[in-house]
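Trainee: Quick one: this structure, given as C-alpha cells, is what I'll be asking you about.
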Amino acid sequence: MVAVAPTRVAGFNCPNCGAAVERRALTHTRAVACTSCGAVLDPDDPNLVILQEAAMRERIVPAIPLGTRGTFGGHPFDVVGFQYRTIDVDGAIYGWREYVLFNPYQGFRYLSEYDGHWNFIRPLPYWPAEMKDGRIAAAWDGQSYRHFQTALATTRFVLGEFPWRVRVGDRVAVSDFVAPPFLLSRERTSDETTWSHGQYMTGAEVWKACGLETTPPLTTGIFANQPSPFAGKPAAAWRRFAALAALVLLALVGRQVAAAREPVLEERHVFSPPPPAPQPAAGYEPAFVTEAFTIREGGTVEIAVETNLNNAWMALDLALVNTSTGTAVNVDTELERYAGTDSDGVWTEGSPNGTLLVPWVAPGEYYLRVEPAGNAETAFVLRLRRDVVSGLPYALALVALLLWPVFVSVRAASFEARRWQESDAGSGGDDDDD
Amino acid sequence: MSRLYLLVGLGLALAALRADTQGWFGARPSIVNNVPASMRDNPGAYRALYQASPRTIGGK
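Protein sequence lines, in the order shown, are assigned to chains A and B. Be aware that the first sequence starts at 1, since it is given in this note's numbering, and climbs by one per residue. Be aware that the second sequence starts at 1, since it is given in this note's numbering, and climbs by one per residue.
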C-alpha cells in the first residue's frame with residue numbers, strides 16, 4: 001500500500017452563489033458542481049465559466065459525504081464527486097447514485113449504489129470482446145459476461161468534481177453485462193464509448209472501507225451482479241445425494257445377493273363356495289391347514305397366492321401357527337378379477353394373484369391355517385418363501401434423500417429467476433442493445 | 001447442514017436395510033397366542049380364537 005499524503009485541496013468561490021468550492025482532483029477535474037447551488041463550473045477557466053446553472057431544485061444528499069476518504073483494493077481514495085442518474089423502463093423511473101473517487105496515483109474510480117447494492121467500478125483501459133452469437137454477451141479477462149440490460153441513462157443531479165464535462169441532462173446508452181459478482185458496463189454517446197468493470201460490494205463493506213459510522217442504505221431486491229448466496233450449493237448437494245444413493249443401492253444389491261429366498265411350502269387347492277341359501281350344506285367347512293414346514297432362520301416370510309379367478313373374487317384369512325409355541329400370526333388378502341367389453345373396448349379390473357409379506361418370523365416349525373371365501377369355484381396355489389427382499393424401503397430412502405438437493409436447487413434457481421426478472425429478458429423486453 | 005445431511009442419509013440407508021430384513025412395510029398381522037394343537041384336526045374351531053378384520057370388499 002502506497003502512503004498517500006493528504007490531498008492538496010485547491011478552492012475558489014462559486015461565481016453563481018459565492019460559496020466555497022473545493023477541488024481535490026486538481027488538474028484531473030474537468031467540471032465541478034458547486035455543492036451549494038449545484039451550478040456546474042469549468043475549473044480550468046480563469047473566469048470560472050458557469051457551464052450549467054443549477055438545473056435540479058430538489059437536492060439529493062449523498063450517503064457518503066464528499067471529502068470522505070476510503071480504502072479500496074489497498075489504496076486510499078477520496079470521494080470527490082456525486083451524481084444521480086435515472087433510466088425510464090416502461091414508464092417507471094429507476095434511479096441510482098454514483099460517487100467519483102480519486103487517488104492521485106490510481107486515478108479515478110467510482111462507487112455506484114442502487115437500492116443498497118454497491119459496485120466498485122474502474123474504467124477499463126481497452127474494450128472487452130463482444131459476442132452476438134444469438135445472445136449478446138461480452139468477455140473480459142477470460143470471463144464471459146451475459147447481457148443484463150440496456151437503457152438510456154439521464155443525469156439528474158451532480159455534485160463535486162468529475163473527470164468529464166458533466167451536465168445535468170446528459171444522456172448515455174448504458175449496457176450492463178454480468179458475471180456475478182462482476183459487471184461490465186458500456187456507456188455510449190454519439191461521440192464516444194467507454195467501458196468499465198464493477199465488482200459487487202455490500203453496504204457494510206463500503207461503510208467499513210470508508211470508516212463511516214452511519215448506517216448504509218438498506219438493501220432491497222436482488223441486483224444484477226449480486227453474488228448468489230446459493231452458488232455452488234446445488235452441485236455440492238447433488239454430489240452428496242449421489243454418494244448416499246450409491247450407499248442405498250449398495251445395501252439393496254447386497255441384500256439381493258445375500259437373501260436366501262428359500263421356498264418352504266407349496267400347495268395347490270381348490271375352493272368351492274357354499275351352496276346357495278337358504279341352507280348351507282351340512283358339514284361345509286372351507287378352512288384347512290397345510291402340511292408342517294420349517295423356517296430355519298428368522299426373517300420375513302412371503303406368502304404368494306396364484307388363482308384362476310375370472311369375473312369372481314376370493315378372500316383368504318391366513319394364520320401362520322408355530323407348532324411349538326402355539327402362537328399364530330394372522331394376515332389376510334383379497335383378490336378379484338373382472339373383465340368385459342364396453343364402447344371403449346376390452347377392460348379388466350383387479351388381479352388374480354397376490355403377495356403378502358409377513359414381518360419377521362422366528363425360526364421353528366409352522367403350518368398355515370387357511371380359510372378361503374369367494375363367489376366361485378377357484379383353484380389356487382400357495383407358495384411360501386423366507387427371507388425375501390423388499391425394494392420399497394430403499395425406494396423410500398432414495399425419495400427422502402432427494403428432498404434436500406431438490407430444495408437447494410429450487411432455492412438457487414429461484415434466486416437467479418428473481419435476479420433475471422429485472423433484466424431486459426426477464427421483463428419481456430428485447431434482449432438487444434441496438 | 002451438509003454434515004447433518006450425510007448423517008441422515010447414512011441413517012436412512014441403514015434404516016432401509018433394517019426395514020427390508022424385518023419387513024417393516026409388510027402386512028400388519030394380528031397375533032393369537034395359545035392356539036391348541038387340536039386346531040390342526042378342526043380348523044373351523046380357530047374362528048372362535050380371533051377377531052378377523054372385516055373384509056373391505058365382498059365381490060361383485
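Every residue gets a Cβ at the ideal spot worked out from N, C-alpha and C, and that includes glycine. As the structure is a computational prediction, the values presented were derived from the model and not from experiment.
When the Cα atoms are used, what is the spatial distance from residue 10 of chain B to residue 247 of chain A?
Mentor: One C-alpha to the other measures close to 8 Å.
Trainee: In chain A, which residues lie with their C-beta within 7 Å of the C-beta of residue 30 of chain B?
Mentor: Here the neighbours are 330.
Trainee: Can you tell me where the alpha helix (DSSP H) with residue 411 of chain A in it begins and where it stops?
Mentor: Start and end: 392-420.
Trainee: Does the CB of residue 251 of chain A have a neighbour CB from chain B at under 9 Å?
Mentor: Yes, residue 251 of chain A lies at the interface with chain B (some Cβ there is under 9 Å from its Cβ).
Trainee: Mind checking which residues open and close the alpha helix (DSSP H) that includes residue 195 of chain A?
Mentor: Here residue 195 of chain A belongs to no alpha helix (DSSP H); instead the beta strand (DSSP E) covers 193-201.
Trainee: Classify residue 42 of chain B as buried or exposed, calling it buried when 16 or more other Cβ atoms lie within 10 Å of its own Cβ.
Mentor: The residue in question, residue 42 of chain B, is exposed, as its Cβ has fewer than 16 Cβ neighbours within 10 Å.
Trainee: Does the count of Cβ pairs from the region 141-157 of chain A and the region 65-73 of chain A closer than 8 Å reach three?
Mentor: Verdict: no, contact absent.
Trainee: Would you list, in sequence order, the uninterrupted alpha helix (DSSP H) runs of no fewer than 4 residues that lie entirely inside the region 164-231 of chain A?
Mentor: As far as the region 164-231 of chain A is concerned, its whole alpha helix (DSSP H) runs of at least 4 residues are 203-210.
Trainee: Cβ closer than 8 Å: which chain B residues qualify as neighbours of residue 247 of chain A?
Mentor: Correct list: 9, 10, 13.
Trainee: By Cβ distance below 6 Å, which residues in the same chain neighbour residue 155 of chain A in space, the five residues on each side in sequence not counted?
Mentor: These residues qualify, in order along the chain: 83, 85, 168, 170.
Trainee: Taking residue 39 of chain A as the reference, which of A:175, A:138, A:165, A:25 has the closest Cα?
Mentor: Of the listed residues, the one whose Cα sits closest to residue 39 of chain A is A:165.
Trainee: Between the region 91-108 of chain A and the region 230-248 of chain A, do at least 3 Cβ pairs fall closer than 8 Å?
Mentor: The answer is no - the region 230-248 of chain A does not touch the region 91-108 of chain A, with fewer than three Cβ pairs under 8 Å.
Trainee: In three-state DSSP terms, what is residue 20 of chain B?
Mentor: If DSSP states are grouped into helix, strand and coil, residue 20 of chain B belongs with the helices.
Trainee: Which one or two residues does DSSP pair with residue 314 of chain A in a beta bridge?
Mentor: According to DSSP, which records beta bridges pairwise, residue 314 of chain A is partnered with A:335, A:374.
Trainee: Does any residue of chain A have a CB that is nearer than 9 Å to the CB of residue 48 of chain B?
Mentor: No, its Cβ sits nowhere closer than 9 Å to a Cβ of chain A.
Trainee: Would you kindly report the start and end of the unbroken beta strand (DSSP E) that includes residue 122 of chain A?
Mentor: Per DSSP, residue 122 of chain A belongs to the beta strand (DSSP E) from 117-123.
Trainee: Verify the CB distance criterion: does residue 390 of chain A have a CB-CB separation below 9 Å to chain B?
Mentor: With 9 Å as the cut-off, residue 390 of chain A counts as an interface residue toward chain B.
Trainee: Got a sec: is the Cβ-Cβ distance from residue 321 of chain A to anything in chain B below 9 Å?
Mentor: Interface residue, yes.
Trainee: Any idea if residue 210 of chain A is buried or exposed, counting beta-carbon neighbours within 10 angstroms, 16 or more meaning buried?
Mentor: When all chains shown are included, residue 210 of chain A counts as buried.
Trainee: Measure the Cβ-Cβ separation of residue 265 of chain A and residue 368 of chain A and say whether it is below 9 Å.
Mentor: Contact: yes.
Trainee: Under a three-way DSSP split, which group does residue 5 of chain A fall into?
Mentor: Legend: pLDDT at residue 5 of chain A = 49, less than 50; position of this residue unreliable, value from coordinates given subsequently. Residue 5 of chain A: coil per DSSP, three-state reduction.
Trainee: Which runs of the beta strand (DSSP E) at least 3 residues long sit entirely within the region 62-89 of chain A? Give them in chain order.
Mentor: As far as the region 62-89 of chain A is concerned, its whole beta strand (DSSP E) runs of at least 3 residues are 69-72, 75-89.
Trainee: Could you check which residue in A:153, A:337, A:334, A:302 has the C-alpha nearest to that of residue 320 of chain A?
Mentor: That would be A:302, whose Cα lies nearest to the Cα of residue 320 of chain A.
Trainee: For the region 395-426 of chain A, enumerate the residues whose C-beta is nearer than 8 Å to any C-beta of chain B, in chain order.
Mentor: Listed by position, the residues of the region 395-426 of chain A near chain B (Cβ gap below 8 Å) are 396, 397, 400, 401, 404.
Trainee: Residues in the region 333-362 of chain A with C-beta within 7 Å of chain B's C-beta atoms, listed in sequence order?
Mentor: Within the region 333-362 of chain A, the residues whose Cβ lies closer than 7 Å to some Cβ of chain B are 334, 336, 338, 356, 357, 358, 359, 360, listed in chain order.
Trainee: DSSP puts residue 443 of chain A in a beta bridge; with which residues?
Mentor: The requested residue 443 of chain A does not occur in the structure, where chain A is confined to residues 1 to 434.
Trainee: Would you mind reading off the limits of the beta strand (DSSP E) that contains residue 20 of chain A?
Mentor: Run containing residue 20 of chain A: 20-23, per the beta strand (DSSP E) assignment.
Trainee: In the structure shown, what three-state DSSP assignment does residue 127 of chain A receive?
Mentor: Residue state, collapsed to three classes: coil.
Trainee: By DSSP, does residue 270 of chain A sit in helix, in strand, or in coil?
Mentor: Strand.
Trainee: Quick check: what's the CA-CA separation for residue 61 of chain A versus residue 118 of chain A?
Mentor: Each residue's Cα considered, the two are about 17 Å apart.
Trainee: Is residue 299 of chain A close to chain B, meaning its C-beta is less than 9 Å from at least one C-beta of that chain?
Mentor: It does: the Cβ of residue 299 of chain A has a partner Cβ on chain B nearer than 9 Å.
Trainee: Checking contacts by CB at 9 Å: is residue 382 of chain A closer than that to chain B?
Mentor: No, because no Cβ of chain B sits closer than 9 Å to the Cβ of residue 382 of chain A.
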